[in-house]
Ligand code: GLP
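Residue numbers (full-length UniProt numbering): 7 to 250.
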């Protein structure tokens, strides 16, 4: 779906997610949301905060699982995804701290496999992802599923692509400070969500959006796997949709 602005797209998607949260609350059930970082989700998060503050939308029945986290960063590192999510969303909502889940950035090497397995278990035990929010990286990654990530991949440690690290360098004050590894939900984890929304804004995303939507399904562009998911919508502004 193509919108005049990212704010228009964010409003539409936030209304959909608010409806999910409210309908679950009416049934006395939780809503399980998979969330994403990056600049792209910010208008969507601002709209969720507005719905909470101005329209009384409660997040008391919401459980969240973030896609990924850099390995080697403490939670309170300014560039950790933990910090990003709290600063841009959770600190402004009535969500219970225990209902917020992100992979750990400080798990010891010997514990990574068990930590990733526990993350998968926690998603399953919560009832599975009702909704998964995605951005898209320049390499076509969703989460940190860099080129070569298999469709059946699950939560695991990944080596970050040089392009992805270069894109993150300004925020870290130089390439040397950007972590080399991350923990990410896998492609299969993401594809297990009942509903998926991928957001992209601006001309710079146009060529990778075109490749993901119109190109072949390939592990070189993990977003292309979404072509086989029955309930995915791309929310695009005119720039991101300009090559379709
Ligand atoms: C990082 C994140 C992705 C995100 C991508 C694009 O790689 N792990 O989840 O989609 O950046 O970021 P932005 O939205 O800032 O363009």
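Quick reminder that beta carbons are idealized off the backbone N, C-alpha and C, glycines included.
If you look at residue 94, you'll find it in the alpha helix (DSSP H) that goes 87 to 94. Collapsing the DSSP output to three states places residue 147 in coil. For residue 130, the enclosing alpha helix (DSSP H) starts and ends at 118 to 131. Boundaries of the beta strand (DSSP E) around residue 165: 162 to 165. Per DSSP, the unbroken alpha helix (DSSP H) holding residue 57 starts and ends at 48 to 61. Of the other Cβ atoms in all chains shown, 16 or more fall within 10 Å of the Cβ of residue 142; this residue is therefore buried.
When 237, 220 and 238 are compared, the shortest CA-CA separation from residue 247 is found for 220. Residue 164 places its beta carbon less than 8 Å from that of residue 190.
Close CB contacts of residue 74 within its chain, under the 6 Å cut and outside five residues either way in sequence, are with 149, 150, 188 and 190 (chain order). For the options 127, 47, 173 and 138, the alpha carbon positioned closest to that of residue 161 is the one of 127.
Distance from the C-beta of residue 89 to the nearest heavy atom of ligand 1 is not below 7 Å. For residue 138, the secondary structure class from DSSP, reduced to helix, strand or coil, is strand. Comparing alpha carbon positions, the residue from 210, 243 and 111 closest to residue 184 is 111.
Residue 237 and residue 41 have their C-alpha atoms some 17 Å from each other. In this structure, ligand 1 has a non-hydrogen atom nearer than 7 Å to the beta-carbon of residue 141. Secondary-structure assignment with DSSP links residue 37 through a beta bridge to 68. When DSSP states are grouped into helix, strand and coil, residue 195 belongs to the helix group.
Between the beta-carbon of residue 135 and that of residue 198 there is about 6 Å, and that keeps the pair under the 8 Å contact cut. DSSP places residue 170 inside the alpha helix (DSSP H), whose first and last residues are 168 to 178. The count of Cβ pairs closer than 8 Å, one atom from the stretch 97 to 117 and one from the stretch 8 to 15, stays below three, leaving the stretches out of contact. Ranked by how close their Cα comes to the Cα of residue 157, the residues 235, 36 and 19 have 235 in first place. In this structure, the C-beta of residue 43 approaches ligand 1 to less than 7 Å from one of its heavy atoms. Looking at the DSSP output, residue 239 bridges to 203.
Between residue 177 and residue 33, the alpha-carbon positions lie close to 42 Å from each other.
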